[in-house]
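Student:
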Amino acid sequence: MSCSNTPPFRYGGVSLTNTLCFHSLLFAAILVLENQDLQDSIKPQKVEFRSLNFNSTLHWQPGRAREARDTVYFVQYKKLAGRSQHSLTSFLLFLHRYGQSTWQNKDDCWGIQNHVCDLTTETSDIQEPYYGRVKAVSAGVYSDWSLSCRFTPWRETMIGPPTVIVIHSNKSIILKLQAPRSPYKRKRGSKIPMTNYYDLLYQVFIINNLLDEQHRVPVYEGKDKVIKIENLRPGLSYCVVAKTYVPMLDRSSAYSSRQCTVLQ
Numbered sequence: 001m002s003c004s005n006t007p008p009f010r011y012g013g014v015s016l017t018n019t020l021c022f023h024s025l026l027f028a029a030i031l032v033l034e035n036q037d038l039q040d041s042i043k044p045q046k047v048e049f050r051s052l053n054f055n056s057t058l059h060w061q062p063g064r065a066r067e068a069r070d071t072v073y074f075v076q077y078k079k080l081a082g083r084s085q086h087s088l089t090s091f092l093l094f095l096h097r098y099g100q101s102t103w104q105n106k107d108d109c110w111g112i113q114n115h116v117c118d119l120t121t122e123t124s125d126i127q128e129p130y131y132g133r134v135k136a137v138s139a140g141v142y143s144d145w146s147l148s149c150r151f152t153p154w155r156e157t158m159i160g161p162p163t164v165i166v167i168h169s170n171k172s173i174i175l176k177l178q179a180p181r182s183p184y185k186r187k188r189g190s191k192i193p194m195t196n197y198y199d200l201l202y203q204v205f206i207i208n209n210l211l212d213e214q215h216r217v218p219v220y221e222g223k224d225k226v227i228k229i230e231n232l233r234p235g236l237s238y239c240v241v242a243k244t245y246v247p248m249l250d251r252s253s254a255y256s257s258r259q260c261t262v263l264q
């Protein structure tokens, strides 16, 4: 019932109806402010994509409030098709699509308690840009959406190091290098190597037992998958690490795990 339509009830010359209405409105305003504060305090923070060899996941952190046991998260994603085109017509079409594209629910990440969501399948058009967003729910209160930065897999995924197999022979080491593989498969079921998407180079470094662990001597850079390192000293232990390097993006991977051998 509206306060303005309530007949005034007076006691000692004071309108109790107006006083009750004022306190009711004040209480309602406080509830709204408290609800808004809770919404803001549970809103997810630092929403970002992380990607290795096109295995792409969305990550976030809890809001500034201490996370309650009943807090769950909901994830959506959006693909902005047409961004890879560069003509004016395509750019205008991109703007048009951007305004009308719709967010898609990620069913496996709908009402979860984790702070990570796998969007590898949803971001398989690696040249196209994507956004992700997350909202939190706690004690029946929904936060606003928290939006990620734009993510384009081809430009932003990190490339992993190659797999290294070491075979030793007299005064030499033969290395077999294998490029990391993407999660996407050929028709026959084998995973597609990252060399299908990038012009990769291999960088090879050697460490022997007379050198400090951090002293890695570069011995090769190129595309060969089989490399022979010669003129090594028998009786010494040699370890090899390798990186992949993408010249177009000027980006190197982390080092591979060490592979060691002792020359006889």
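Sequential numbering from 1 applies to the sequence shown in full-length UniProt numbering. Note that CB positions come from ideal geometry on N, CA and C, so glycine has one too.
Is DSSP giving ASP250 helix, strand or coil here?
Tutor: coil
Student: Counting only the same chain and skipping the five closest in sequence on each side, list residues whose C-beta sits under 8 Å from that of PRO129.
Tutor: LYS79, LEU80, ARG83, ARG150, PHE151, THR152
Student: Would you call the segment 69-76 and the segment 112-119 in contact, with 3 or more CB pairs under 8 Å?
Tutor: yes
Student: Excluding sequence positions up to five away, which residues of its chain have a Cβ less than 8 Å from the Cβ of GLU156?
Tutor: PHE49, SER51
Student: Suppose contacts are defined by Cβ-Cβ distances below 8 Å. Is PRO201 in contact with PRO247 by that definition?
Tutor: Position check: residue 201 holds Leu in this sequence, whereas Pro was assumed. Result yes, Cβ atoms of LEU201 and PRO247 sit closer than 8 Å.
Student: In three-state DSSP terms, what is GLN127?
Tutor: coil
Student: Can the beta-carbon of VAL47 be found less than 8 Å from the beta-carbon of LEU175?
Tutor: no
Student: State buried or exposed for THR123, treating a residue as buried only when at least 16 other CB atoms are found within 10 Å of its CB.
Tutor: buried
Student: Over what stretch of residues does the beta strand (DSSP E) that includes GLU48 continue unbroken?
Tutor: 45-52
Student: Based on DSSP bridge pairs, tell me the residues matched to ASP199.
Tutor: For ASP199, which the question treats as bridged, DSSP gives no partner whatsoever.
Student: Taking the continuous alpha helix (DSSP H) assigned at TRP154, which residues delimit it?
Tutor: 153-156
Student: Throw me the rounded Cβ distance for the VAL262 and SER237 pair, which I believe falls under 8 Å.
Tutor: VAL262 to SER237, Cβ: 5 Å. Contact.
Student: Between GLY63, ASN53, TYR198, which has its C-alpha nearest ASP40's C-alpha?
Tutor: Measuring from the Cα of ASP40, the nearest candidate turns out to be GLY63.
Student: Please confirm if the segment 166-180 is in contact with the segment 221-231, defined as three or more CB-CB distances below 8 Å between the two stretches.
Tutor: yes
Student: Suppose you measure from the CA of GLU67 to the CA of ILE42; what does that come to, to the nearest Å?
Tutor: 7 Å
Student: In angstroms with no decimal places, state the Cα-to-Cα distance between HIS215 and ASP224.
Tutor: 24 Å
Student: What's the gap between the Cα of SER138 and the Cα of PRO193?
Tutor: A straight-line Cα-Cα distance of about 43 Å links SER138 and PRO193.
Student: Going along the chain, which residues of its own chain have a beta-carbon closer than 6 Å to the beta-carbon of GLY132, five neighbours each way excluded?
Tutor: Around GLY132: LEU58, TYR77, SER148.
Student: Just verifying my parser: in three-state terms, what is the DSSP assignment at GLN113?
Tutor: coil
Student: Measuring alpha carbon to alpha carbon, tell me which of PRO44, LYS106, ASN53 ends up nearest SER182.
Tutor: ASN53
Student: Does the Cβ of THR244 have 16 or more other Cβ atoms within 10 Å, making it buried, or fewer, making it exposed?
Tutor: buried
Student: Apply the 10 Å Cβ neighbour rule to LYS185 and answer buried if 16 or more other Cβ atoms are within range, or exposed otherwise.
Tutor: exposed
Student: Quick check: what's the CA-CA separation for LYS106 versus TRP154?
Tutor: 22 Å
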